[in-house]
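What follows is a single structure, written as structure tokens, with notes after it.
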Ligand code: SAM
């Protein structure tokens with residue numbers, strides 16, 4: 005597995021991803037605002053508008069971290085299971101939910117590659133800015149398919165590189181220079197943020213990932229690129 009410029013084992017990648025998010029759990033929202041210029045909030049609103057969570061539905065928000073997506077869906081009355089491999093991220097989310105008086109949320113540590121949930125348990129599965137951190141992505145997609153009901157929907161939002169030439173070059177220069185610096189100042193961890201930039205650069209382009217979603221068994225797999233594919237909303241259905 006490539007981790008920045010080094011080759012590391014899958015287990016080492018999982019460990020390092022764990023370290024990135026544990027080190028930043030408490031400052032995670034501030035990091036997101038700094039790294040996206042506040043735009044992650046708009047992307048997340050748009051994503052939840054696409055998912056259209058309904059009151060009473062059971063939705064699994066995988067790699068749910070500190071709850072940004074889960075809170076938006078819970079406000080619409082859906083029952084949300086927030087799962088993440090990192091207990092520190094979930095603990096911050098649980099605390100925020102308590103402070104905001106949000107209900108309808110269940111928090112559960114899980115590895116997206118191997119879920120403990122029963123087959124056909126959920127109406128929808130969401131994963132936002134999480135799948136590129138997963139070591140075995142096809143395994144995570146197969147698990148998403150397994151835990152969905154027939155008629156259930158899969159939604160994923162992820163970064164990749166943009167295909168707008170000028171914008172891609174500008175963003176790449178900005179991200180390679182600024183994100184590690186922000187990481188150093190905010191989390192005293194430059195190296196982990198180099199990895200984050202690298203993982204964005206390496207994530208499959210929208211069409212390639214759309215095909216991976218289809219290969220996992222989803223029908224009508226679709227990709228909605230934004231900013232030339234810098235951020236893409238992927239979706240598919242289990243029938
Ligand atoms: N979805 C949240 C959001 O958009 O604010 C959090 C996104 S955060 C960038 C990525 C999350 O993926 C982290 O909380 C990390 O712990 C989680 N993650 C990484 N690998 C994972 C895995 N194999 N299974 C479940 N979660 C994982």
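In UniProt numbering, the protein residues as written are 5 to 243.
Note that CB positions come from ideal geometry on N, CA and C, so glycine has one too.
All figures in this text were calculated on a predicted structure; none of them were measured in a lab.
Less than 8 Å between CB atoms is the rule here; does residue 211 satisfy it with respect to chain C?
Looking at the structure shown, chain C is missing, and only one protein chain is on hand.
Just curious, the beta strand (DSSP E) that residue 4 is in, first and last residue?
Nothing about residue 4 can be reported from this structure: the residues present for the chain run from 5 to 243 only.
State yes or no: is the C-beta of residue 83 nearer than 7 Å to some heavy atom of the ligand SAM?
no
Of the residues 198, 139, 63, 140, the one placed nearest residue 125, counting alpha carbons only:
63
Tell me whether the beta-carbon of residue 52 lies closer than 8 Å to the beta-carbon of residue 34.
no
Is the segment 209-222 close to the segment 157-169, with three or more CB pairs under 8 Å?
yes
Contact set for residue 143: own chain, Cβ-Cβ below 6 Å, skip 5 residues either direction
117
At the level of alpha carbons, what is the spacing between residue 110 and residue 56?
Per the coordinates, the alpha-carbon of residue 110 lies some 19 Å from the alpha-carbon of residue 56.
For residue 226, does the three-state DSSP call read helix, strand or coil?
strand
Does DSSP put residue 138 in a helix, in a strand, or in coil?
DSSP, reduced to helix, strand and coil, places residue 138 outside both helices and strands of the structure shown, so it counts as coil.
Only counting the same chain, and skipping five residues up and downstream in sequence, which positions put a Cβ closer than 7 Å to that of residue 175?
166, 234
For residue 98, which option in 202, 30, 178, 231 has the closest C-alpha, if you only look at C-alpha atoms?
30
According to DSSP, what are the bridge partners of residue 87?
66, 112
Would you check whether the ligand GTP has a heavy atom nearer than 7 Å to the C-beta of residue 69?
Judged by which ligands are present, the ligand GTP is missing from the structure shown, whose ligands are the ligand SAM.
What three-state label does DSSP hand residue 237 in the structure shown?
strand
Residue 58 by DSSP, collapsed to three states: which one?
coil
What residues in its chain sit with their C-beta under 6 Å from that of residue 37, if we drop five residues either side in the sequence?
none
Short check: CB of residue 159 to CB of residue 54, under 8 Å?
yes
Express the C-alpha separation of residue 43 and residue 236 in angstroms, rounding to a whole number.
Answer to the nearest angstrom: the Cα atoms are 14 Å apart.
Measure how close the beta-carbons of residue 73 and residue 21 come, nearest whole angstrom, since I'm counting them as under 8 Å.
Their Cβ separation, rounded to whole angstroms, is 18 Å, which puts residue 73 and residue 21 out of contact at 8 Å.
Cut-off 7 Å between Cβ atoms - residues of its own chain near residue 91, not counting five sequence neighbours on either side
Sequence-distant Cβ neighbours of residue 91 in its own chain, meaning closer than 7 Å and more than five residues away, are 113.
Going by DSSP, which residues form a beta bridge with residue 132?
161
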